[in-house]
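For reference, the structure is listed below as structure tokens.
There are 2 protein chains.
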Amino acid sequence: MEGSSPPAPIDRETTATLRPGDHKTELRLWLRMLTCTTLIENGVRRRLRDAFDVTLPRFDLMAQLHKTPAGLTLGELSQRMMVSNGNVTAIVEKLVGQGLLDRKPSPQDRRTQVVSLTADGRSTFSQMAAAHENWIAATFSDLSREEEEQLMALLGKAKTSARKSLGDLS
Amino acid sequence: MEGSSPPAPIDRETTATLRPGDHKTELRLWLRMLTCTTLIENGVRRRLRDAFDVTLPRFDLMAQLHKTPAGLTLGELSQRMMVSNGNVTAIVEKLVGQGLLDRKPSPQDRRTQVVSLTADGRSTFSQMAAAHENWIAATFSDLSREEEEQLMALLGKAKTSARKSLGDLS
DNA sequence: GAAAGATATTTTAGGCTTAAAATAATTTCT
DNA sequence: AGAAATTATTTTAAGCCTAAAATATCTTTC
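And the structure:
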């Protein structure tokens, strides 16, 4: 929508060192990725609410446990969901209160709590997951299988690159 | 990590209608997109905090205003940021309190408030934006320019597809 | 085996977020 | 003009989220 920006005839070195602000392509890419994700995420959130009266964080937490029937510690959950420890504590608390989760201290290490889905939690999650999978499929229905795989590969590369650039920070 | 899944020789119609659960590719794609975005977002959030003691939502709001020097109403901000109205009210309130934003009722329509950056807000944002742009460039530094453009195009297509599938909902 | 350090979780304080209800102002329809 | 509907914003209640400090437990080191 902003025409074609001039190809910046200045040589690369100057651009990189003296004009550190010349990274518009990456910035646009990031904003588009964020928009796309937020759009889909908001849709999922609303549909989970309308159809199952559940929040996205609770759904995500249950999804992690469903992938690992043996159960996970709070720390493992926190790491896999990429959220803080205290956050997981609170969400688990709610789900335990709803009878969807089981939480018991590990016998070997009394610091850790192992969390898993109850029978009710499993059957509730299965229903939600089936609907969720269909919503997501509809979300990407304009993309061919090949495009989906290209996108997957490029996101994989972006993820690796991002992790590297964060590197020493986390 | 799970070998190559069979190319599903079943015709598309059958797949879509009779086997609504067979959409693992799209699900993996969505999860990867979410992971990638969350990873980058968490990095940006921490660096904004460490370097400028500012939160990501406040930075995002200022970015919207910087793109539109004439100012925006709260409703426009809410729409562009894809967050709720009440949320914008609260964030604007904080930024006005910090002297970074100016908020005044519109002369034509006394319901609306027009918000814009103050001189302090502009100069503060410029500094943050320059650093942010470099962080983002570093985040994607493993991707070639061509890969970046491919990713941009595919995300554009995904965005359109997602909007269509949400369509009547919002 | 006791002190020091590391690890797992919870608590706390502050901030973001939403949906829904409430206010306030404008527009539309008789 | 006056009533009804619409639009813009704020408020409210509940929940998510983080960083940092506090607790409790385990491990290591001397």
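Residue numbers (this note's numbering), protein chains in the order written: chain A, 102 to 271; chain B, 102 to 271. Think of the CB as a built atom: it goes at the ideal place given N, C-alpha and C, for glycine as much as any other residue. In this text the structure is predicted, and so the values were computed from the model without any measurement.
Asp203 (chain B) - DSSP class collapsed to helix/strand/coil: As a position in the second sequence, residue 203 (chain B) is number 102, starting the count at 1. Strand at Asp203 (chain B).
Reduced DSSP category for Leu267 (chain A) - H, G, I as helix; E, B as strand; rest coil: As a first step, residue 267 (chain A) is located in the first sequence; it is residue number 166 there, counting from the start. Reduced to three states, the DSSP call for Leu267 (chain A) is helix.
Run the CB neighbour count on Ser227 (chain A), radius 10 Å, all protein chains shown included, and call it buried at 16 or more, exposed below. The residue given as residue 227 (chain A) occupies position 126 in the first sequence. Looking at its Cβ environment, which holds fewer than 16 other Cβ atoms inside 10 Å, Ser227 (chain A) is exposed.
With H, G and I counted as helix, E and B as strand and the rest as coil, what does DSSP make of Thr156 (chain B)? On the second sequence, position 55 is the one that residue 156 (chain B) refers to. In this structure, Thr156 (chain B) counts as coil in the three-state DSSP scheme.
Since Leu218 (chain B) is in the beta strand (DSSP E), which residue starts that stretch and which ends it? Locating residue 218 (chain B) in the second sequence gives position 117, counting from the first residue. Where Leu218 (chain B) is concerned, the enclosing beta strand (DSSP E) stretches over 214-218.
For Leu173 (chain B), which of B:Thr225, B:Lys205, B:Arg223 has the nearest alpha-carbon? Residue numbering aside, residue 173 (chain B) sits at position 72 when the second sequence is read from its first letter. Looking at the Cα atoms, B:Lys205 is the closest of the given residues.
Within 10 angstroms of the Cβ of Arg129 (chain A), are there 16 or more other Cβ atoms? Answer buried if so, exposed if not. Start at 1 with the first residue of the first sequence, and residue 129 (chain A) comes out as number 28. By the 10 Å Cβ count, Arg129 (chain A) comes out exposed.
Contact between the segment 237-254 of chain B and the segment 213-222 of chain A: three or more CB pairs below 8 Å? no
According to DSSP, simplified to helix, strand and coil, what is Thr136 (chain B)? Along the second sequence, one-based indexing puts residue 136 (chain B) at 35. Helix, per DSSP.
Quick check: is the beta carbon of Asp243 (chain B) nearer than 7 Å to any beta carbon in chain A? On the second sequence, position 142 is the one that residue 243 (chain B) refers to. Judged by the 7 Å Cβ criterion, Asp243 (chain B) is in contact with chain A.
For Val189 (chain A) versus Leu201 (chain A), is the C-beta spacing smaller than 7 Å? Working through the first sequence from its first residue, we reach residue 189 (chain A) at position 88. Working through the first sequence from its first residue, we reach residue 201 (chain A) at position 100. No, the pair does not count as a contact, with Cβ atoms beyond the cut-off.
Which residues in chain B sit within 7 Å of Gly257 (chain A), going by Cβ to Cβ distance? Position 156 of the first sequence, counted from the start, is the residue given in the question as residue 257 (chain A). By Cβ distance, chain B contributes Arg133.
Where the alpha helix (DSSP H) containing Ala191 (chain A) begins and where it ends: Counting from 1 along the first sequence, the entry for residue 191 (chain A) is found at position 90. Unbroken alpha helix (DSSP H) run through Ala191 (chain A): 186-198.
If you measure between the beta carbons of Ile237 (chain B) and Glu127 (chain A), is that distance less than 7 Å? Indexing the second sequence from 1 puts residue 237 (chain B) at position 136. Indexing the first sequence from 1 puts residue 127 (chain A) at position 26. Against a cut-off of 7 Å, the Cβ pair of Glu127 (chain A) and Ile237 (chain B) comes out as a contact.
Chain A partners of Met229 (chain B), CB-CB under 7 Å? For the purposes of this step, residue 229 (chain B) is taken as the residue at position 128 of the second sequence. Under the 7 Å cutoff, chain A gives no residues; its nearest Cβ is about 12 Å from Met229 (chain B).
With respect to the alpha helix (DSSP H) encompassing Arg181 (chain A), which residues constitute its N-terminal and C-terminal limits? The residue given as residue 181 (chain A) occupies position 80 in the first sequence. From DSSP, the alpha helix (DSSP H) with Arg181 (chain A) extends over 175-182.
Would you say Glu249 (chain A) faces chain B, with C-beta separation under 7 Å as the test? Here residue 249 (chain A) is taken as the residue at index 148 of the first sequence, counted from 1. Cβ-Cβ to chain B under 7 Å: yes for Glu249 (chain A).
Please return the same chain residues whose Cβ sits closer than 7 Å to the Cβ of Ile192 (chain A), not counting the five positions on each side in sequence. One-based indexing of the first sequence puts residue 192 (chain A) at position 91. Result list for Ile192 (chain A): Pro158, Arg159, Leu162, in chain order.
Can you list the residues of chain B that His167 (chain A) reaches, using a CB-CB cut of under 7 Å? Translated into the one-based positions of the first sequence, residue 167 (chain A) becomes position 66. Correct list: empty, because the minimum Cβ distance to chain B is about 13 Å.
Distance between beta carbons of Arg133 (chain A) and Leu256 (chain B), contact taken as under 8 Å: To locate residue 256 (chain B), count along the second sequence from 1; it is residue 155. To locate residue 133 (chain A), count along the first sequence from 1; it is residue 32. Correct: roughly 5 Å between the Cβ atoms.
Measure how close the beta-carbons of Ala263 (chain B) and Gly144 (chain A) come, nearest whole angstrom, since I'm counting them as under 8 Å. Reading the second sequence from its first residue, position 162 is the one you call residue 263 (chain B). Reading the first sequence from its first residue, position 43 is the one you call residue 144 (chain A). Yes, they are in contact, since the Cβ atoms of Ala263 (chain B) and Gly144 (chain A) sit about 7 Å apart, within 8 Å.
Confirm, please, whether the CB-CB distance from Thr240 (chain B) to Ser266 (chain A) is below 7 Å. Sequence index remark: in the first sequence, residue 266 (chain A) carries index 165 (1-based). Sequence index remark: in the second sequence, residue 240 (chain B) carries index 139 (1-based). Yes, the pair counts as a contact, with Cβ atoms nearer than the cut-off.
Among A:Glu194, A:Thr169, A:Val197, A:Gln165, which residue has its Cα nearest to the Cα of Met183 (chain A)? Looking up residue 183 (chain A) in the first sequence gives position 82. Of the candidates A:Glu194, A:Thr169, A:Val197, A:Gln165, the one whose C-alpha sits nearest the C-alpha of Met183 (chain A) is A:Gln165.
Check the C-beta distance from Leu252 (chain B) over to Ala152 (chain A) and give it rounded, since I have them as a contact under 8 Å. As a first step, residue 252 (chain B) must be located in the second sequence, where it is residue number 151. As a first step, residue 152 (chain A) must be located in the first sequence, where it is residue number 51. Incorrect: roughly 32 Å between the Cβ atoms, too far for contact.
Reduced DSSP secondary structure (H/G/I, E/B, other) of Gln209 (chain A): What you label residue 209 (chain A) is simply residue 108 of the first sequence in a count that begins at 1. If DSSP states are grouped into helix, strand and coil, Gln209 (chain A) belongs with coil.
Check the Cβ of Ser262 (chain A) against every Cβ in chain B and list those closer than 8 Å, keeping chain order. Sequence index remark: in the first sequence, residue 262 (chain A) carries index 161 (1-based). Those are Thr240, Phe241, Ser242, Asp243, Leu244, listed as they occur along chain B.
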